[in-house]
Structure formats: structure tokens, C-alpha cells
Amino acid sequence: MIQDNLFNYKRFVFLKWALLLALISSFAYLFDQPRINANGGTWLGYTLGTIGALLILWLMWFGVRKRQYANEAGNLRGWVSAHIYLGLALSIVATLHTGFQIGWNVHSLAYVLTMATIGTGVWGLSFYLRYPAEMSNALNRQSPEQIVEQIQALDREAQKQIKNASGLIGQVIAASHKQNIYPNRKSQRKGVVKDCATEKAVNNLQQEMTRVDSLSDIYRNQVQRLRALKQLRRYYHLRYWLELWLSIHVPLSFGLLAALIAHVLSVFIYW
Numbered sequence: 000m001i002q003d004n005l006f007n008y009k010r011f012v013f014l015k016w017a018l019l020l021a022l023i024s025s026f027a028y029l030f031d032q033p034r035i036n037a038n039g040g041t042w043l044g045y046t047l048g049t050i051g052a053l054l055i056l057w058l059m060w061f062g063v064r065k066r067q068y069a070n071e072a073g074n075l076r077g078w079v080s081a082h083i084y085l086g087l088a089l090s091i092v093a094t095l096h097t098g099f100q101i102g103w104n105v106h107s108l109a110y111v112l113t114m115a116t117i118g119t120g121v122w123g124l125s126f127y128l129r130y131p132a133e134m135s136n137a138l139n140r141q142s143p144e145q146i147v148e149q150i151q152a153l154d155r156e157a158q159k160q161i162k163n164a165s166g167l168i169g170q171v172i173a174a175s176h177k178q179n180i181y182p183n184r185k186s187q188r189k190g191v192v193k194d195c196a197t198e199k200a201v202n203n204l205q206q207e208m209t210r211v212d213s214l215s216d217i218y219r220n221q222v223q224r225l226r227a228l229k230q231l232r233r234y235y236h237l238r239y240w241l242e243l244w245l246s247i248h249v250p251l252s253f254g255l256l257a258a259l260i261a262h263v264l265s266v267f268i269y270w
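Here it is, written out as C-alpha cells:
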């Protein structure tokens, strides 16, 4: 038996609804014979516009309430599946609503923002499908706070281990303790840290161990510290891209809502 996921949820129930909506809208558009050119001001234009507006409001309402659904995995999966398929159907409904007429006005602005929001939604879907699981795996199903606590415990242990070490080893370990997860946002975006002090400490200790056997414990300590740092770096690198997507998709959604309100009000005012 195939397990439900975002795409095949309840035997593709929301894909079927989205296809049905798209087909009905398309056939209605093809067989409609308006007195003037097809546009949002015909009876079909108003009908498609109403459906599109309701879809936009529903899709935004899901964004507000999804934290409540998160406590019920099956329920959340169903709502996200509906969000995906009905969001894609909205692109067809909105396009047919315009009658393929675009201009420099608030009506076209609402349409452009609709398509931009759907586009960023598709872009974000690739993150949603891959990154949360990768973020969880990167931390081995621990929280970032737990990994940080492990690093702090390793640092306290290292302080005891270097009491009788040479001054050079002490300096290397002190620099390692000051090493942040990422020095700046650019490094976080790329997921790369150049000149990592902890990595340098591991390399230096590995070389020194050929001459000083007593450094094996502090070497293992720094290897564990580096491993924990890499876990956090992978996690926060992925989180950077999720946050970047949200910083684009969410403002676009609210911009769309504002344009939709202006679009609807102008229609009623100048009807």
C-alpha cells in the first residue's frame, strides 16, 4: 500500500479537485461569447474573479493556521496538499479572469502579484520537501540547543586537558573555543567557513601527536567539537534558505492581499 504524501494524499483528491476547477474554468472561457473582448468585467470574468479571490483568501488563511495543523501530521499533510494543487489551479483561474489583458493598473498588479506569489510558492515547495528532513538529519534528530550544550561541555573538558600542555597548544585551543558557527551571513549562505579555528586545531594536534602521545585526548575532543560545528553549520545553512524564501513569499502574499482589496474596491466603485 502506497503511503500518503503531499502529492498523492487521499488518492490525489486535491489534484482531482484542482484539475476539475481548471477544466471547468477553461471550458467556460472557451465557449463564452462575450459582446466585447474577454476580460474581468464580463459575467464569466466576475465569476472567475470571485473564485480566484476566495482561493487567495483560503490559501492565506492556511498560512496563518498551519501551526495548529502541525500537531496532526495527517491533517497537515492534507492541507499542504490542497495548498499546492489549489494554488496551481489559481494560476489558471486568475489568468482566465484577466482575459489575457494586462495593463498598467491595479487589476494587473493584483494578477502579477498572484503569479509571483504562486511562483515563489513553487520555489519554496522544493525547500519544504527536502530541507526540514535534512535539517533534522543534520542534527541527528537533536535540537540546535542540545548541540550547542555539547560544544560547551567539550570546551570545559578541553580547558582541563590543556593545563599541562604547551603554550602553543593552549593558544590553538583558545582560538578554537572562539570559533563561531558562521562568522557572517555570507558564509551562512554559502555554507562554508574559511580558516575555521577548530579545524586548524584538529590539523595541528594531529601533527603534534606524532611527537607527543599525551595529546590524544584533546585531539579527540577537538574532532568531536568540529563534528558538532559541522552539524550546526549544515542546519543553519539550510535554515538560511528557508528564511530567505519566507522573507520573499510572505511579503508577496500580503502585497497580493492589499492589491486584491484595491482591485475589488475599484471594481465596485466604478461598476
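Numbering of the sequence shown is given in numbering that gives the first Met the number 0, commencing with residue 0 and proceeding in unit increments. Note that the Cβ used here is the ideal one computed from N, Cα and C, for glycine as well.
Sixteen is the threshold: since fewer than 16 other Cβ atoms of the shown chains lie within 10 Å of the Cβ of residue 246, the residue is exposed. In the DSSP assignment, residue 221 falls within the unbroken alpha helix (DSSP H) covering 215-268. Residue environment: residue 161 is assigned as buried (16 or more neighbouring CB atoms within 10 Å of its CB, all protein chains considered). Contact check for residue 177 against residue 196 passes: the beta carbons are separated by less than 9 angstroms. Contact between residue 25 and residue 91 is confirmed by a C-beta separation of about 7 angstroms, below the 8 angstroms threshold.
Residue 33 carries a coil assignment under DSSP once its states are collapsed to helix, strand and coil.
Residue environment analysis places residue 147 among the exposed positions, since fewer than 16 neighbouring C-beta atoms fall within 10 angstroms of its C-beta. Per DSSP, reduced to three states, the secondary structure at residue 136 is helical. In its chain, beyond the 5 residues on either side, 258 have a beta carbon closer than 7 angstroms to the beta carbon of residue 108. Distances from the CA of residue 87 to each of 104, 181 and 15 were compared; the closest alpha carbon is that of 15. If you draw a straight line from the Cα of residue 124 to the Cα of residue 53, it is about 22 angstroms long.
Taking 9 angstroms as the cut-off, the Cβ atoms of residue 187 and residue 201 do not count as close. The straight-line gap separating the alpha-carbon atoms of residue 268 and residue 261 is approximately 10 angstroms.
Taking C-beta atoms as the reference points, residue 44 and residue 98 count as a pair closer than 9 angstroms.
The Cβ atoms of residue 249 and residue 204 do not sit closer than 9 angstroms to each other. DSSP places residue 59 in the helix class (H, G or I) of the three-state scheme. Here residue 59 is near residue 256, since their CB atoms are less than 9 angstroms apart.
The beta-carbon distance between residue 152 and residue 217, rounded to whole angstroms, is 14 angstroms. This is too long to meet the 8 angstroms contact definition. In the three-state reduction of the DSSP assignment, residue 162 falls in the coil class. Excluding sequence positions up to five before and after residue 227, its CB lies within less than 8 angstroms of the CB of 146, 149, 150 and 153, all in the same chain and listed in chain order.
Taking 8 angstroms as the upper bound for CB-CB distance, residue 89 and residue 118 are not in contact here, some 12 angstroms apart. In this structure, residue 237 and residue 134 form a Cβ contact; the two beta carbons are roughly 5 angstroms apart against a cut-off of 8 angstroms.
For residue 199, same chain residues with a beta-carbon under 6 angstroms away, outside a window of 5 residues either side, do not exist.
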